[in-house]
Each structure stands twice: as C-alpha cells, then as structure tokens.
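Colleague: The numbers in the numbering used here rise by one with no breaks, and the one at position 75 of the sequence shown is 76. We put the beta carbon where it would ideally sit given N, CA and C, even for glycine. Right, I'll just put the structure down here and ask away after.
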Amino acid sequence: MLERLAENNVLINLVWNYQPASHEPYYLEWVAHLRRTHRQLKTVDDNSQEMTAFCHKLSTLYEPFALWMRALYGDGIFYCETQGNYYFLIISQGAPVSGSDIVVSRRFWTILKEQLAESPEYKDLALRKITEEHISTVIERCNEHQAKMKKRRQVIIGSLALGGIVLLLAVMVLLKVFLRG
2 MLERLAENNV
12 LINLVWNYQP
22 ASHEPYYLEW
32 VAHLRRTHRQ
42 LKTVDDNSQE
52 MTAFCHKLST
62 LYEPFALWMR
72 ALYGDGIFYC
82 ETQGNYYFLI
92 ISQGAPVSGS
102 DIVVSRRFWT
112 ILKEQLAESP
122 EYKDLALRKI
132 TEEHISTVIE
142 RCNEHQAKMK
152 KRRQVIIGSL
162 ALGGIVLLLA
172 VMVLLKVFLR
182 G
C-alpha cells in the first residue's frame, strides 16, 4: 500500500520538529544536522504554531502524507501493516507528532499501541487502520493539487516569458528611436 504513495510522489518518513522543549546539546546538534542534510518543509498546525518537517527529497513535486491525512481525516492514530512491519502516524491537536510518520517492526508497534492506550495524551485519539480508500483519496487529492500547481507554474513562466518579450521589444524600439535620432 505504501508503495503506491511513493509511486505518486507522496512522502512518508518525515522527521517532524517543533520548538525544542529540550535544550540538551545532543538534541540541538541533531536538529542542526537535520537542517544541514535535509530539506525543510514549513507548515502551520491548528493553533497557528509553525511546524518544520525534514526530508531527504522535498520539492513542489512531492506531497507529505501526514499533512493530507490531517486535512482529510483529522486527529487520530493511523496505522497499516506493510511487509511484516507497521507504518504509523499520530496526529494530535492538528499536528503530526514527532517520532511518528515512520515504519516500525511488529513488536515495536504492539508495545507502542499498548502504551498509547494508557497515555493520557493520546488515549482519546481514535486508532484507525489506513485502508486502500484512505490511500486512494490522498493520492487523488495530491494529484489534483499537483495539477493546480503545474498550471500555476505554467502561467507564471508564461507571464515572465511574455514580460521578457515585451521588455525586449521596448528596448529594441527605444534603440531604434535613439539611433535614427
């Protein structure tokens, strides 16, 4: 299922970062390393707090799965089994939780699921299995968004090209006027 996301330029495995609650040197070094080695995606959560995600490949051609799940399905703990492992994503208070949006082993997922059920922070979040319908909806919305972005880029490039041609023609006319005298 997750392979379909990759084929359609939908990203998973982003590292979500917030304002550090910890000022430990190793944590700050790790974040500095991420800033140097990864591309950044900045977005805003439901409380208008800025969030940053780090990823190896990020451009206007790629869409983050976590943000589409947040927009379409809201808060929850989303998971799916893939090749003996589990992908999970936790969205709480309109923001992907740092440390989720990742593929983990079955054993890790089992332990984590038990701990999440007992956690006061996450026990109220619904545990939802990601189905083909979720994947198809996200891919469809991403493709629509990419088509809009492509059209917008084409309009901008066309406008710049037309502006350049008009400017070039104006310079040619001015040169001709000055040379004829």
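Taking its Cβ as the centre, do 16 or more other Cβ atoms sit within 10 Å of V11, making it buried, or is it exposed?
Modeller: buried
Colleague: Classify F179: buried if its beta carbon has 16 or more other beta carbons within 10 angstroms, exposed otherwise.
Modeller: So F179 counts as exposed.
Colleague: Does DSSP put V139 in a helix, a strand or coil?
Modeller: helix
Colleague: In this structure, what does DSSP give as the bridge partners for M52?
Modeller: T44
Colleague: Along the chain, where does the beta strand (DSSP E) containing V105 start, and where does it finish?
Modeller: Where V105 is concerned, the enclosing beta strand (DSSP E) stretches over 103 to 106.
Colleague: Since E82 is in the beta strand (DSSP E), which residue starts that stretch and which ends it?
Modeller: 77 to 83
Colleague: Would you call the region 104 to 120 in contact with the region 65 to 85, where contact means no fewer than 3 C-beta pairs closer than 8 Å?
Modeller: Yes: at least three Cβ pairs fall under 8 Å.
Colleague: If we ignore side chains and look at the alpha-carbon of each, how far apart do E145 and V174 end up?
Modeller: 43 Å
Colleague: Going by the beta-carbon positions, is the gap between R142 and L73 smaller than 9 Å?
Modeller: Yes, the Cβ-Cβ distance between R142 and L73 is below 9 Å.
Colleague: Please report the straight-line C-alpha distance between S101 and S49, rounded to a whole angstrom.
Modeller: 21 Å
Colleague: Express the C-alpha separation of N86 and T38 in angstroms, rounding to a whole number.
Modeller: Between T38 and N86, the C-alpha separation is close to 27 Å.
Colleague: Could you check whether the Cβ of V105 sits closer than 8 Å to any heavy atom belonging to the ligand MG?
Modeller: The ligand content of the structure shown is nil, which means the ligand MG is not present either.
Colleague: Out of N14, D125, I157, L6, state which residue places its alpha-carbon closest to the alpha-carbon of R40.
Modeller: N14
Colleague: According to DSSP, is L62 helix, strand or coil?
Modeller: Of the three classes helix, strand and coil, the one that applies to L62 here is coil, per DSSP.
Colleague: Under a Cβ-count criterion, where at least 16 other Cβ atoms within 10 Å of its own Cβ denotes burial, should V98 be classed as buried or exposed?
Modeller: buried
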